[in-house]
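Undergrad:
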Amino acid sequence: MATPKGGNFGKVLEIDLSKLTYKTRPVSDEILQQWIGGRGLGAYYALTEYKAGKKPFDEDAFVFVGPGPLSGTMAVSHRTCFVNISPLTGRLNHAECGAQLASEIKFAGWDGIYIKGKAKKPTWFAVVNDKVEFKDASKMWGKTTDEAHEMMIKEMKDPEIRTAVIGPAGENGALQANVIVERFRAASRSNTGPVFGDKKLKGFAVRGTKYAVPVVDNAKFLAAARTGKEINIAGEAWEGLKRWGTGGLMELKHFLHGSLITKNFQTTWYPEVVNIGGEEAARTFWKRHSSCTNCPAHCLKLGVIRDGKYRGLVAESPEYESGGLLGSNLGMKKFDEMTALIEACDAYGLDNISTGGTLAFLTEAMEKGAIKPADLDGLKPKWGDCDTYMEMIRRIALKEGKAGKFMAQGVARMSKQIGKGSEAYANVVKGRELAAHDPRGDKIRAYSYTMGTNGGDHHEGQGSKALAMTAMADSLCSCTFTSILIWGASTDKIVTDMLNGLCGWNMKPEDYWTTAKRIMTAERLLNVREGISSKDDRLPIRMYKEKLPAGPKKDAIFTEEDQKKMEADTYGFFGWDAKGIPTEATLKAYGMDAFIGELNAAKKKYNL
Amino acid sequence: MEEKKLPDVLKKETSRRDFLRGTATAAGGALAISAIGGIAPKKAEAQYSVQGAPGTKPYAQKYRFAERQNCTGCRSCEFACSLFHTGTVRPALSRIYITKYKDIVDVPVMCWHCDDAPCIAACPTTPKAIQKDPKTNGIVLNEKICLGAKCMKCQEACPAKYIRGNPDTGQPLICDLCGGDPQCVKACHEQAGNPQGPCLMGRPVGLGVNMAYRSVTPEQAGKDLANLLFYPNVEGKRVVPAKTKKGR
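This is the structure:
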């Protein structure tokens, strides 16, 4: 149990909401070297503390909010990772978001925040350096995410506090609910919203002024961090990202890649994209660029609607995923209407992706006659009908009426209830709605959707190696844009150089891969314990059955050969068997011998 | 030998085609992430300098200016400042900082190095605990003389409401221009690239412009920016949704 010399403080803040107390949970250098931080450390906690079948709403179920060792240093690293059992999927999931929160947690002297227990009444807490203060949130309960954020700033009398809050959707337990960080950033794909809501936790605020991240070898670390950043600054690849954000991908994916999802994955050809994509945003909407901590890419674009029904709407829009799911996927034709939907989701604290998937699924089900307006309390969704969609979003968030409760369960559960062949167009992987990349047009994206821990997540890495690299990036809490995607094959060297200088470790580039595979295998083990195997690592039925009807990838389809190739590649790379179960030898190789018994029990239980 | 050039982000244009090409490379990179050797920097060793145009002599940066519209809120200036002055990254000790106004705009708050320096005039000690270095125009704090948190007359006198207290010692955090080579300007020039260009600039003369800047408090600057960028919603309020109550 050595205390970390650099990069980390060896202290995780443990919050117990049942007793409204907090304490320091020590974390040793050895553990941090094995699991890094963020996503990896969350997986470690789940692996060591949870038994199979852990429920998201158990009293001792935790939400781990993690920065990584690089957060709050000169390296480009600014993501915050939320790890918890997702009520949507019933498995351990993780979500990352940007903003300034991660570095602020480090400046307050913590390596992460571990939240457990359930409060009796609405609560929020403020972390100011070493101290935690629990506060009453009954006035914030029911308020939208931006209102709650503003109330926290007002109460703390400090505009520089960093907040993470849930909206009404999380309070009411809509399964698509997320956590909104600093008003415009969302950590969505772990469905932390309903977990916070169940814990009666509106959110938290962090302010750190007392600590700086210790560095073992300053000269070495700064040189390595410099190398990593230099590639971001001088490299040409992200000129587009800087100018257009990810919103600009909408036209690109439509015209070139043929993977812009349209009308619940019916096609990828959507010529109206010119009215809702990045170019339209640049012409009429975007006003300024906004950046996360110490990041040269400033990919977030803020703008204001100047005219029409939504005049004065200030929003961050569109990102590729939000614009895809709530734009082309719903057949939206007007920029301001799409932006209003995105903004409504953010205000209520709903995952844009899952909500967009839900609305699109219901629209198609209505079109195909599987449901009737009577099933939705008279709502009749149609492609491009903004007002109905807006009302549906409101009912999901508030779980209002029969329709609200029905829709707030997500696509997988709805499709099961509806039946009538609706599973043919229920676009989910392992219970989670797909993001905005059609895997028929963008085949490599299938790795991320199917092989990733979350399932249906676009942000898990494209390719077997990329899966490992993304696991590592999420544990270091660096954005994939500013790290692995631009560093490519030199990533292992850059990262280990940084970590060696920062933490005083002696990692070789090979160790980067071992650590990455350890984290992925641990998460896979957690999945296997819940009965996941190769039979679940599959795309939605539509991807194998229906050819793309139009667009640059006309007639493309995801074949069984593609599937087999992908499985063999991934399982082989990580040392898992043909059914996607980590072998005993693999567990031993990554120092997880203690869990072999559990693995065998799960294999027996689920007949794997 | 290749001439060292300014990273002239202001002149650089990114056409639509470049964008598509750029992102295509990126997406292609994602496709072949295992195969590519990293997207190499354009120049093997990118050199950033804010010391004037190529071929001209470097000039002293006695004054700083800010194009506030260009600030993206990345806080690289804070990081560079605290690293230079304390050896560690701790923005609470930075001599320049970014504050948010209504969550929609970021406002860099910094010393304008006023020619009449009201902070120095207000300093009650003899000799003065804060003094201007005539060579660099930076304001240097003498930690031995400064009375710290119980005084803070400089903070009261600052027309730009810039001066903060050091959370450890209570003494004012004040800008010494890093001995003539402001790290914040350097960091900003590196970081804020295409399309808007950097926010901070260093120049040898103030021409009274710095005196105009100083009469604007961070809050007023934020208000101005919000008005300029986000009209007609200058308060940044959410327009949708209005209804958070059940039933209608």
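Protein chains in written order, with the numbering used here: chain D, -16 to 591; chain G, 122 to 369. Glycine included, C-beta positions come from ideal geometry on N, C-alpha and C. The structure displayed is predicted, hence computed values, not measured ones.
1. Buried or exposed: Leu333/D, going by 16 or more other Cβ atoms within 10 Å of its Cβ?
2. Could you compute how far the alpha carbon of Ser336/G sits from the alpha carbon of Ala278/G?
3. Does DSSP put His77/D in a helix, in a strand, or in coil?
4. Would you verify that the beta carbon of Leu262/G is, or is not, closer than 8 Å to some beta carbon of chain D?
5. Three Cβ pairs or more, each shorter than 8 Å: is that satisfied between the region 204 to 217 of chain G and the region 289 to 298 of chain D?
6. What do you reckon, are the CB atoms on Tyr430/D and Thr504/D nearer than 8 Å?
7. Just the Cα atoms here: how many angstroms apart are Gly357/G and Phe351/G?
8. Can you check DSSP and say which residues form a bridge with Val287/D?
9. Going straight from the alpha carbon of Ala250/G to that of Ser203/G, what length do you get?
10. Using DSSP with H/G/I as helix, E/B as strand and the rest coil, what is Cys369/D?
11. Take the Cβ of Tyr180/G as the centre, count every other Cβ of all protein chains shown within 10 Å, and call the residue buried at 16 or more, exposed below.
12. Which residues of chain G have a Cβ atom closer than 8 Å to the Cβ of Phe187/D, listed in chain order?
13. What did DSSP end up calling Phe204/D once you bin it into helix, strand or coil?
14. From His(-14)/D to Phe204/D, what distance separates their C-alpha atoms?
15. Could you work out which residue in Ile68/D, Glu133/D, Asp360/D, Leu239/D is closest to Thr175/D when comparing CA atoms only?
16. Please determine, among Val46/D, Phe117/D, Lys114/D, the residue with the shortest C-alpha to C-alpha distance to Phe179/D.
17. Name the DSSP beta bridge partners of Trp107/D, please?
18. For chain G, check one thing: does any of its Cβ atoms lie closer than 8 Å to the Cβ of Ile244/D?
19. Which residues in the same chain have their Cβ closer than 8 Å to the Cβ of Asp113/D, if we skip the five residues on either side of it in sequence?
20. Tell me the rounded alpha-carbon separation between Ala145/G and Gly487/D.
21. How about Gly286/G: is its C-beta nearer than 8 Å to some C-beta of chain D?
22. Using a C-beta to C-beta distance shorter than 7 Å, which residues of chain D count as neighbours of Ile225/G?
23. Which residues in the same chain have their Cβ closer than 7 Å to the Cβ of Ala577/D, if we skip the five residues on either side of it in sequence?
24. Find the nearest neighbour of Val196/D within the set Lys562/D, Glu493/D, Gly51/D, Glu347/D, judged by alpha-carbon distance.
25. Report all residues from its chain with a CB closer than 8 Å to the CB of Lys(-12)/D; omit the five preceding and five following residues, and keep chain order.
26. Is the beta carbon of Gly100/D sitting closer than 8 Å to the one on Asp(-1)/D?
27. Would you say the region 266 to 285 of chain D touches the region 221 to 234 of chain D, given that touching needs at least three Cβ pairs under 8 Å?
28. With a CB to CB cut of under 6 Å and the five nearest residues on each side skipped, what residues in its chain are close to Val394/D?
29. Check the Cβ of Leu268/G against every Cβ in chain D and list those closer than 9 Å, keeping chain order.
30. Taking contact to mean at least 3 C-beta pairs separated by less than 8 Å, is the region 517 to 537 of chain D in contact with the region 240 to 256 of chain D?
31. Whose C-beta lies closer than 6 Å to the C-beta of Ala353/D among residues of the same chain, with five residues either side of it excluded?
32. Can you tell me which of Thr146/D, Gln83/D, Ala102/D, Asn76/D puts its alpha carbon nearest to the alpha carbon of Val110/D?
33. Are the region 187 to 195 of chain G and the region 313 to 324 of chain G touching, with three or more C-beta to C-beta distances below 8 Å?
34. Name, please, each residue of chain D whose Cβ falls closer than 8 Å to the Cβ of Val210/G.
35. Sorted by chain position, which residues of the same chain lie with C-beta nearer than 7 Å to Lys282/G's C-beta, five sequence neighbours on each side aside?
36. I want to verify the contact list: residues of chain G whose CB lies under 8 Å from the CB of Glu581/D, in sequence order.
TA: Judging by the given coordinates:
1. buried
2. 12 Å
3. strand
4. no
5. no
6. no
7. 7 Å
8. Val297/D
9. 21 Å
10. helix
11. exposed
12. Correct list: empty, because the minimum Cβ distance to chain G is about 17 Å.
13. helix
14. Looking at the sequence provided, one finds Thr at residue -14/D rather than His. Approximately 19 Å between the Cα atoms of the pair.
15. Ile68/D
16. Val46/D
17. Lys118/D, Gly186/D
18. no
19. Ala91, Gly92, Lys193
20. Low confidence applies to Ala145/G: its pLDDT is 41, below 50, so where it sits in the model is not reliable, and the reading given next is rough at best. One C-alpha to the other measures close to 38 Å.
21. no
22. Leu285, Val297
23. none
24. Gly51/D
25. Asp12, Pro197, Val199, Cys486, Gly487
26. yes
27. yes
28. Gly340, Thr341, Phe344, Ala409, Val411, Glu416
29. Under the 9 Å cutoff, chain D gives no residues; its nearest Cβ is about 21 Å from Leu268/G.
30. yes
31. Ile401, Lys403, Ser405
32. Thr146/D
33. yes
34. Gly55, Thr56, Met57, Ala195, Val196
35. Thr338, Pro339
36. Going along chain G, no residue has its Cβ under 8 Å from Glu581/D, so there is no contact; the nearest lies around 32 Å.
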